[in-house]
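Going from the sequence shown to the numbering used here is simple: count from 1 and add 7. The beta-carbon is built from N, C-alpha and C at its ideal position, and this holds for glycine as well. Every value quoted in this text rests on a predicted model; they were computed, and no experiment measured them. See structure below.
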Amino acid sequence: MIRLNRPTYKNVIVLYAILIVDFMLSYLLFCPTIFAQEYIAVLDVEGTVSEAIKIQLADETRAGTLSALPRSQFTVLTRENMLSVLQDQNKDATCFEGSCEVEIGRNIGADFIISGQVVQIEGTYLYSVKIHNTETGALVGTHRIEGDSGLSLVRNTADQTKDLISHTLVQKISDQESLKESLSIIHFTSNPSGAQVWLDESQICPTTPCTIGVSDGFHIVEFRKDRHQFWKAEFQTKSGMEIRADLISSSTTLHLASPMAGIDIFLDNTYIGKTPLSPQEIEPGSHVLRYDGSCSAPIEEQFVAKEGVDLFREINIYDYQTPIHVKAINQYGKVLRSRVYIDGDFVGYTPFSESISTCSDRIEVESEINGLVQRRSLPLSLKENAAEYITLEFYQKKQRKKKRKKRKKYRR
8 MIRLNRPTYK NVIVLYAILI VDFMLSYLLF CPTIFAQEYI AVLDVEGTVS
58 EAIKIQLADE TRAGTLSALP RSQFTVLTRE NMLSVLQDQN KDATCFEGSC
108 EVEIGRNIGA DFIISGQVVQ IEGTYLYSVK IHNTETGALV GTHRIEGDSG
158 LSLVRNTADQ TKDLISHTLV QKISDQESLK ESLSIIHFTS NPSGAQVWLD
208 ESQICPTTPC TIGVSDGFHI VEFRKDRHQF WKAEFQTKSG MEIRADLISS
258 STTLHLASPM AGIDIFLDNT YIGKTPLSPQ EIEPGSHVLR YDGSCSAPIE
308 EQFVAKEGVD LFREINIYDY QTPIHVKAIN QYGKVLRSRV YIDGDFVGYT
358 PFSESISTCS DRIEVESEIN GLVQRRSLPL SLKENAAEYI TLEFYQKKQR
408 KKKRKKRKKY RR
């Protein structure tokens, strides 16, 4: 004999929970489009006719829009929804320009915005309807509805709005879905990155890496990057595949070295920097290098760069020279042997006669007299081959002679 236990309250709650979860999972699996819905808003109609006609036109426009669109993909916002959102944001729902219409659509979270304006010309009512994409601001579609009277215009609005929506939004979605079904997702990468991707002689990607939907079949892909050889291949599309191009450099690397800093470097009359300079990538072919020092004559060098072959250049540029004569004396005119410094570097002793760079800024002479070190410093302004004569005077104290004390003679 089998006994059936009476269900407890706790068991019933668990059973209900399982049923609810099962229902939600089934709903999500079979109704995934609920999360992909787009929203459409119909603004109040503008114009010089009576308010009653404008209200009816807006209602008929909503009705035609609602009947044209699949409910699973689109939601038409009510007038009350829009006004509530706009009032919360202190926005005005009336406008005449497309940019204003798009801004209102964005404010209320609509993907598309429908606006209209009605006028009466020589007894005929004309109602212009426009559809804007709020994300791009683009005008998707427009249509003019006519009527001999306000009543006939209202009667024509719903059907003609339905036709407008069907030939714009509905057709566009259908084309996108059919195209999407026939595309394969391809990942394009390159080493180094930053290459353009061309598919069948049309650019599809401005820079790698990128992921693009490609139609089924055979295609020719080409990767292009400055100073690199083009990479080309034929492939048959397969969704999820990756096409990777290892690009080969077609440029030459120019290495410049110099023991002197601050030399201006020009390549083909284009300034590229001062020494020390990092390696430069250049195109293969004939080039001209020019080195300009602030105190030297410019030097030009012509060379030919070969594809993929690095170039090394040692920059030896010499400053203009001028002779300088330095003498150190004391206040009596006696010549002293003193240390000479040019721009802080020791160069010799006085009397000093050497040629130095015209870029030299300062001379210092140091003399030690009777244990006391004295230093003289002067700025320099030198010109090429114009000798400079400098005499610096140092003060030397006289040494006092010690007096001998006379001894007193004592008589015995």
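| task | Spatial neighbours of Ser200 within its chain, please: CB distance less than 7 Å, with the 5 preceding and 5 following residues excluded, ordered by chain position. | result | On the sequence shown, position 193 is the one that residue 200 refers to. Thr215 and Pro216.
| request: Taking 8 Å as the cut-off, decide whether the C-beta atoms of Thr82 and Tyr46 are in contact. | output: Counting from one through the sequence shown, the residue named residue 82 turns up at place 75. Counting from one through the sequence shown, the residue named residue 46 turns up at place 39. Result yes, Cβ atoms of Thr82 and Tyr46 sit closer than 8 Å.
| If we count the other Cβ atoms within 10 Å of its Cβ and call it buried at 16 or more, is Thr277 buried or exposed? | Counting from one through the sequence shown, the residue named residue 277 turns up at place 270. Exposed is the call here.
| request: Report all residues from its chain with a CB closer than 7 Å to the CB of Glu249; omit the five preceding and five following residues, and keep chain order. | output: Locating residue 249 in the sequence shown gives position 242, where the first residue counts as 1. Here the set comprises His194 and Thr196.
| Just to confirm, does Arg86 get its C-beta within under 7 Å of one of the non-hydrogen atoms of the ligand ATP? | Within the structure as shown, the ligand ATP is missing, as the structure has no ligands at all.
| message | For the beta strand (DSSP E) containing Leu263, name the first residue and the last one. | response | On the sequence shown, residue 263 is found 256 positions in, with the first residue counted as 1. Note, Leu263: beta strand (DSSP E), Thr259 to Ala264.
| Since Ser256 sits in a beta bridge, which residues does DSSP pair it with? | As a working mapping, residue 256 is identified with position 249 in the sequence shown. His235.
| request: Might you give, ordered along the chain, the residues of its own chain that have their beta carbon closer than 6 Å to the beta carbon of Ile289, omitting 5 neighbours on each side? | output: Counting from 1 along the sequence shown, the entry for residue 289 is found at position 282. The residues are Thr259, Leu261 and Ala312.
| message | Quick check: the region 56-63 against the region 140-155, are at least 3 beta-carbon pairs closer than 8 Å? | response | no
| Anticipated Cβ contact below 8 Å, Ala268 with Glu321, distance rounded | Counting from 1 along the sequence shown, the entry for residue 268 is found at position 261. Counting from 1 along the sequence shown, the entry for residue 321 is found at position 314. No, Ala268 and Glu321 are not in contact; Cβ-Cβ is about 15 Å, not under 8 Å.
| request: Give me the Cβ distance between Glu361 and Val372, rounded to the nearest whole Å; I'm assuming they're in contact under 8 Å. | output: Stepping through the sequence shown from its first residue, residue 361 is reached at position 354. Stepping through the sequence shown from its first residue, residue 372 is reached at position 365. The Cβ separation is near 14 Å, so there is no contact.
| query | Where Ile41 and Asn163 are concerned, what is the direct C-alpha to C-alpha distance, given to the nearest angstrom? | reply | The residue you call residue 41 lines up with position 34 of the sequence shown. The residue you call residue 163 lines up with position 156 of the sequence shown. Only weak support is given to the placement of Ile41: the predicted model assigns it a pLDDT of 37, under 50, and the question is left unresolved by the model.
| query | Does the beta-carbon of Thr218 have 16 or more other beta-carbons within 10 angstroms, so that it is buried, or is it exposed? | reply | As a first step, residue 218 must be located in the sequence shown, where it is residue number 211. Exposed is the call here.
| said: Can you list, in chain order, the residues of its chain with a C-beta nearer than 6 Å to that of Leu32? Leave out the 5 residues immediately preceding and following it. | reply: Walking along the sequence shown from the start, residue 32 turns up at place 25. For Leu32, the predicted model reports a pLDDT of 44, less than 50, meaning its position is unreliable; a value from the coordinates is still stated below. Around Leu32: no qualifying Cβ.
| field | Boundaries of the alpha helix (DSSP H) in which Val316 is found, first to last residue | value | The sequence position of residue 316 within the sequence shown is 309, counting from 1. Segment: none, Val316 is in no alpha helix (DSSP H) and carries neither H nor E.
| Distance, Cα to Cα, Glu391 vs Phe230? | Here residue 391 refers to the residue found at position 384 of the sequence shown. Here residue 230 refers to the residue found at position 223 of the sequence shown. Going from the Cα of Glu391 to the Cα of Phe230 covers about 56 Å.
| request: Return yes when the Cβ of Ser246 is within less than 8 Å of the Cβ of Ile192, no when it is not. | output: Within the sequence shown, residue 192 is the residue found at index 185, counting from 1. Within the sequence shown, residue 246 is the residue found at index 239, counting from 1. Yes, these two residues count as a Cβ contact at 8 Å.
| request: Return yes when the Cβ of Ile324 is within less than 8 Å of the Cβ of Ile349, no when it is not. | output: Position 342 of the sequence shown holds residue 349. Position 317 of the sequence shown holds residue 324. The answer is no: Cβ separation not under 8 Å.
| said: Could you tell me which whole beta strand (DSSP E) segments of length 3 or greater appear in the region 38-93? | reply: 45-49 and 81-84
| message | Just to confirm before moving on: does the CB-CB distance between Ser210 and Gly224 stay below 8 Å? | response | By 1-based counting over the sequence shown, the position of residue 210 is 203. By 1-based counting over the sequence shown, the position of residue 224 is 217. First, the residue type needs correcting, since residue 210 is Gln and not Ser in the sequence shown. No, they are not a contact pair.
| message | On the DSSP letters alone, give me the boundaries of the beta strand (DSSP E) that Ser374 sits inside. | response | Indexing the sequence shown from 1 puts residue 374 at position 367. Looking at the DSSP string, the run of the beta strand (DSSP E) that includes Ser374 is Arg369 to Ile376.
| Smallest Cα separation from Ile115: which of Ser135, Ile138 and Ser91? | Looking up residue 115 in the sequence shown gives position 108. The residue with the shortest Cα to Cα distance from Ile115 is Ser91.
| query | Can you tell me the Cα-Cα spacing of Ser293 and Lys232, whole angstroms? | reply | By 1-based counting over the sequence shown, the position of residue 293 is 286. By 1-based counting over the sequence shown, the position of residue 232 is 225. Computed Cα separation, rounded: 21 Å.
| Ile120 beta carbon less than 8 Å from that of Ala48 | Counted from its first residue, the sequence shown places residue 48 at position 41. Counted from its first residue, the sequence shown places residue 120 at position 113. Result yes, Cβ atoms of Ala48 and Ile120 sit closer than 8 Å.
| task | Please report how far the alpha carbon of Asn256 lies from the alpha carbon of Ala304, in whole angstroms. | result | Position 249 of the sequence shown, counting from 1, holds the residue named residue 256. Position 297 of the sequence shown, counting from 1, holds the residue named residue 304. Before going on, a small fix: residue 256 reads as Ser here, not Asn. Each residue's alpha carbon lies about 36 Å from the other.
| task | Measuring alpha carbon to alpha carbon, tell me which of Arg69, Gln203 and Cys212 ends up nearest Gln4. | result | The shown model of the chain, from 8 to 419, leaves out residue 4, and the question about it has no answer.
| request: Output the distance between the C-alpha atoms of Gly280 and Asp317, rounded to the nearest integer angstrom. | output: Numbered from 1 along the sequence shown, position 273 holds the residue referred to as residue 280. Numbered from 1 along the sequence shown, position 310 holds the residue referred to as residue 317. Whole-angstrom Cα-Cα distance: 19 Å.
| message | With the cut-off set at 8 Å, would you say Ile433 and Ala65 are in Cβ contact? | response | Residue 433 is absent from the structure shown; the chain starts at 8 and stops at 419.
| query | Along the chain, where does the alpha helix (DSSP H) that runs through Ile120 open and close? | reply | The residue you call residue 120 lines up with position 113 of the sequence shown. Careful: Ile120 lies outside any alpha helix (DSSP H), inside the beta strand (DSSP E) at Phe119 to Ile128.
| request: Starting from Gln167, trace the beta strand (DSSP E) both ways and give me its first and last residue. | output: By one-based count along the sequence shown, residue 167 stands at place 160. Gln167 -> not in any beta strand (DSSP E); alpha helix (DSSP H) instead, spanning Gly157 to Ile172.
| query | Hey, Leu342 and Pro358 are a contact pair by Cβ (cut 8 Å); roughly how many whole angstroms apart? | reply | Stepping through the sequence shown from its first residue, residue 342 is reached at position 335. Stepping through the sequence shown from its first residue, residue 358 is reached at position 351. The displayed chain sequence assigns Val, not Leu, to residue 342. 7 Å between Cβ atoms; contact.
| field | Distance between Arg234 and Pro386 (C-alpha atoms, nearest Å) | value | The residue given as residue 386 occupies position 379 in the sequence shown. The residue given as residue 234 occupies position 227 in the sequence shown. Pro386 and Arg234: Cα-Cα distance of roughly 49 Å.
| From Glu375 to Arg369, what distance separates their C-alpha atoms? | Translated into the one-based positions of the sequence shown, residue 375 becomes position 368. Translated into the one-based positions of the sequence shown, residue 369 becomes position 362. Each residue's alpha carbon lies about 20 Å from the other.
| Inter-residue Cα distance where the pair is Val228 and Val125 | Here the question's residue 228 lines up with position 221 in the sequence shown. Here the question's residue 125 lines up with position 118 in the sequence shown. Each residue's Cα considered, the two are about 52 Å apart.
| message | Here's the rule: buried if 16 or more other CB atoms are within 10 angstroms of the residue's CB, otherwise exposed. What is Ser345? | response | One-based indexing of the sequence shown puts residue 345 at position 338. Result: buried.
| Helix, strand or coil for Leu190 per DSSP? | Counted from its first residue, the sequence shown places residue 190 at position 183. Reduced to three states, the DSSP call for Leu190 is strand.
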